[in-house]
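S.K.: With numbering that gives the first Met the number 0, the residue at position 51 of the sequence shown is 50, and numbering never jumps. Cβ atoms here follow ideal geometry from the backbone N, Cα and C, with glycine treated the same way. Pasting a structure here, questions to come.
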Amino acid sequence: MVTDKKLRIYNSLTREVEEFTPNSGSKVFMYVCGPTVYDYMHLGHMKTYIFYDVLARYLTYKGYTVFFLMNITDVDDKIINRSVDRRILNLLKDSDRRISEIMNNLEIGLEYMKDRIIELVKSGYVEVAGITDLRKQLIELE
């Protein structure tokens, strides 16, 4: 017996399981915090991306238009510490390449946007307390 049950999902804001209802009609906007590119990805990272990929595919199957955004954090204490021995931009390019390769190998069908924090910082679009010195250091490393 097949029934058309409603999707129920945990709402971390209310801390309750609730019936899924999109805020914008048939449009669903999803955001997932992506990897911090200081080292290799592992299964713990991938389970998150696989879950959201399955959810996006399910919602698309049910007739929703899904807009998915995943950032890639490329400025972080762990990245800065790793960059002491390696040039930071080479580290980021290498990690970004590995992330894309893993996502493709797992056939994760997400069209994700990569927020390039480092590019925003260097160009001056992002001004956060203490980040101006970081911008100067990054430019000097190139």
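Report the residue from Leu54, His44, Met69 whose alpha carbon sits nearest the alpha carbon of Ile101.
M.R.: Checked all of Leu54, His44, Met69; the closest Cα to Ile101 is His44.
S.K.: Can you give me the C-alpha to C-alpha distance between His41 and Ser25, rounded to a whole angstrom?
M.R.: Their Cα atoms are separated by approximately 34 Å.
S.K.: Cβ atoms of Val27 and Val65: under 8 Å apart, would you say?
M.R.: It is a contact, given that the beta carbons lie within the stated cut-off.
S.K.: May I ask which residues mark the beginning and end of the beta strand (DSSP E) holding Tyr7?
M.R.: Checking the sequence, you will find Arg at residue 7 rather than Tyr. 7-10 is the span of the beta strand (DSSP E), which, as asked, contains Arg7.
S.K.: Residues in the same chain with beta-carbon distance under 8 Å from Phe19, minus the five sequence neighbours each way, listed in chain order, please.
M.R.: Within the same chain, Phe19 has close Cβ partners Lys5, Leu6, Arg7, Ile8.
S.K.: So what does DSSP say about Phe19, is it helix, strand or coil?
M.R.: DSSP places Phe19 in coil when its eight states are reduced to three.
S.K.: Under the rule that 16 or more other beta-carbon atoms within 10 Å means buried, what is Leu58, buried or exposed?
M.R.: So Leu58 counts as buried.
S.K.: Just reading off the beta strand (DSSP E) that Tyr57 is part of, what are its end residues?
M.R.: Here Tyr57 belongs to no beta strand (DSSP E); instead the alpha helix (DSSP H) covers 42-60.
S.K.: Using 8 Å for Cβ pairs, my map puts Tyr63 next to Pro21. What's the rounded Cβ distance?
M.R.: Confirmed, about 7 Å.
S.K.: Using the C-alpha atoms, what's the distance from Arg56 back to Tyr48?
M.R.: So the alpha carbons of these two residues sit roughly 12 Å apart.
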